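Worksheet: the structure to be examined is printed underneath.
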Amino acid sequence: MQIGMMTFHASYNFGSVWQAFSLQYTVNSLGYNCEIINYRMKSQKNKYSLFPVKEGWKLALRSFLLLKHINGKRQANRKYENFINTKLKLSEEINYVEQLKSFANRYDVYLAGSDQIWGYDIPEFISSNEDSRSPYFLSFTDGYKVSYASSTGIATFNELMLQQENLKKISHIAVRETRGKELVQQVVGKEVEVTLDPTYLIQHEDWLNIAEEYSSINLPPKYVLI
């Protein structure tokens, strides 16, 4: 069975990348063939670029302040990209909502993944010049749709009501938080499940095998991972 997943997989932060990896890894371990739809909206690519496009003095000031840190940021970005492109099974990259039409009939099941994909205060959504939210509610397909541990973040009932039509077309909805469950149930009028964050689905032994590949990384005796 072919499964197409929509989630935040290309944000340069540990949480987003790990949840995307974990959910895909778990689904594939169950015998399915899960592919992440490699939708990378322009506003997201801009946000994580070395010099995000801003206007006027803000761009000049930010460029000046970050100049001494630019090499470190460039190195970190490369590491994220390397993991995303080597550890995740991705479709071809697309950057615009219109391009998602070509995925409408590609998979047997469409999966809305974890993270705050149903949030309304996400910077990438706010700065986008097109409706980049709806694709994460699987608006681009009439195929069989489910969600797993999708988070509404701090979205309000009224904001989620804007996606009511899309939410009602999802056959089985599972969210990450109790608050999200209560809100989405009001929107769709049916039972919604609360499930574990996918990072908790991977067994200890599997994590050790994954970590083994990076055993050459030298960490100080004491450190804080933020």
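So the sequence shown is numbered by full-length UniProt numbering: it starts at 1 and just counts up by one. Glycine included, C-beta positions come from ideal geometry on N, C-alpha and C. Bear in mind the structure is a predicted one, so any value in this text is a computation, not a measurement.
Item to check | With 16 other Cβ atoms within 10 Å as the buried cut-off, status of arginine 133 | outcome: Arginine 133 is buried by the Cβ-count criterion.
Item to check | glycine 143 beta carbon less than 9 Å from that of aspartate 108 | outcome: The beta carbons of aspartate 108 and glycine 143 sit closer together than 9 Å.
Item to check | Length-filtered (4 minimum) alpha helix (DSSP H) runs lying within the stretch 88-144 | outcome: DSSP assignment within the stretch 88-144 yields the following whole alpha helix (DSSP H) runs of 4 residues or more, N-terminal first: 123-126.
Next on the checklist: In the DSSP assignment, the alpha helix (DSSP H) including glutamine 44 goes from what residue to what residue?
Outcome noted: Here the alpha helix (DSSP H) through glutamine 44 covers 42-47.
Checklist entry - From which residue to which residue does the beta strand (DSSP E) around asparagine 33 run? => result Note, asparagine 33: beta strand (DSSP E), 33-36.
Checklist entry - For proline 220, does the count of other Cβ atoms within 10 angstroms reach 16, so buried, or fall short, so exposed? => result Sixteen is the threshold: since fewer than 16 other Cβ atoms of the shown chains lie within 10 Å of the Cβ of proline 220, the residue is exposed.
Checklist entry - Short check: CB of phenylalanine 103 to CB of glycine 4, under 9 Å? => result With respect to the 9 Å criterion, phenylalanine 103 and glycine 4 are classified as neighbours on the basis of their beta carbons.
Checklist entry - Applying the criterion that 16 or more other CB atoms from any shown protein chain within 10 Å of the CB defines a buried residue, is glutamate 124 buried or exposed? => result Result: buried.
Item to check | the stretch 145-158 contacting the stretch 113-120, beta-carbon criterion three pairs below 8 Å | outcome: Because the criterion of three Cβ pairs below 8 Å is met, the stretch 145-158 and the stretch 113-120 touch.
Checklist entry - Does DSSP put isoleucine 170 in a helix, in a strand, or in coil? => result Isoleucine 170: coil per DSSP, three-state reduction.
Checklist entry - Where does serine 11 sit, in a helix, a strand or coil, going by DSSP? => result Note: serine 11 maps to coil in three-state DSSP.
Next on the checklist: Among the candidates Gly180, Ala149, Arg179 and Val184, whose CA atom is the shortest distance from the CA of asparagine 166?
Outcome noted: Selected option, being the one with the closest Cα: Val184.
Item to check | Other residues of its chain near threonine 195: CB distance less than 8 Å, five sequence neighbours each side excluded | outcome: Cβ neighbours of threonine 195 beyond the five flanking positions: Tyr148, Ala149, Ala174, Val175 and Arg176.
Checklist entry - So the beta strand (DSSP E) isoleucine 3 belongs to, where does it begin and stop? => result Counted as a single uninterrupted DSSP element, the beta strand (DSSP E) harbouring isoleucine 3 occupies residues 2-6.
Item to check | Other residues of its chain near proline 135: CB distance less than 7 Å, five sequence neighbours each side excluded | outcome: Residues Met6, Tyr39, Val97 and Leu100 of the same chain have their beta carbon placed closer than 7 Å to that of proline 135, with the five preceding and five following residues left out of the count.
Item to check | Own chain partners of glutamate 130 with C-beta closer than 6 Å, once the 5 adjacent residues on each side are dropped | outcome: The residues are Val97.
Next on the checklist: Beta-carbon within less than 6 Å of aspartate 20's beta-carbon, same chain only, minus the 5 sequence neighbours each way: which residues are those?
Outcome noted: Checking the displayed sequence, the identity of residue 20 turns out to be alanine instead of aspartate. If we look at alanine 20 and ignore the five residues flanking it on each side, its Cβ neighbours are Thr7 and His9.
Checklist entry - Roughly how many angstroms separate the alpha carbons of glutamine 164 and asparagine 158, rounded to a whole number? => result If you take the alpha carbons of glutamine 164 and asparagine 158, they lie about 10 Å apart.
Checklist entry - Roughly how many angstroms separate the alpha carbons of arginine 225 and asparagine 105, rounded to a whole number? => result One point to set straight first is that residue 225 is leucine, not arginine, in the sequence displayed. The straight-line gap from Cα to Cα measures roughly 41 Å.
Next on the checklist: For a quick check, are the C-beta atoms of leucine 111 and valine 188 less than 9 Å apart?
Outcome noted: No, these two residues do not count as a Cβ contact at 9 Å.
Next on the checklist: My output table needs one value for valine 224: the three-state DSSP class, helix, strand or coil.
Outcome noted: Residue state for valine 224 is assigned as coil, using DSSP reduced to three classes.
Item to check | Nearest candidate by alpha-carbon position, reference glutamine 24, set Leu88, Phe14, Lys79 and Ile70 | outcome: Of Leu88, Phe14, Lys79 and Ile70, the residue nearest in Cα terms is Leu88.
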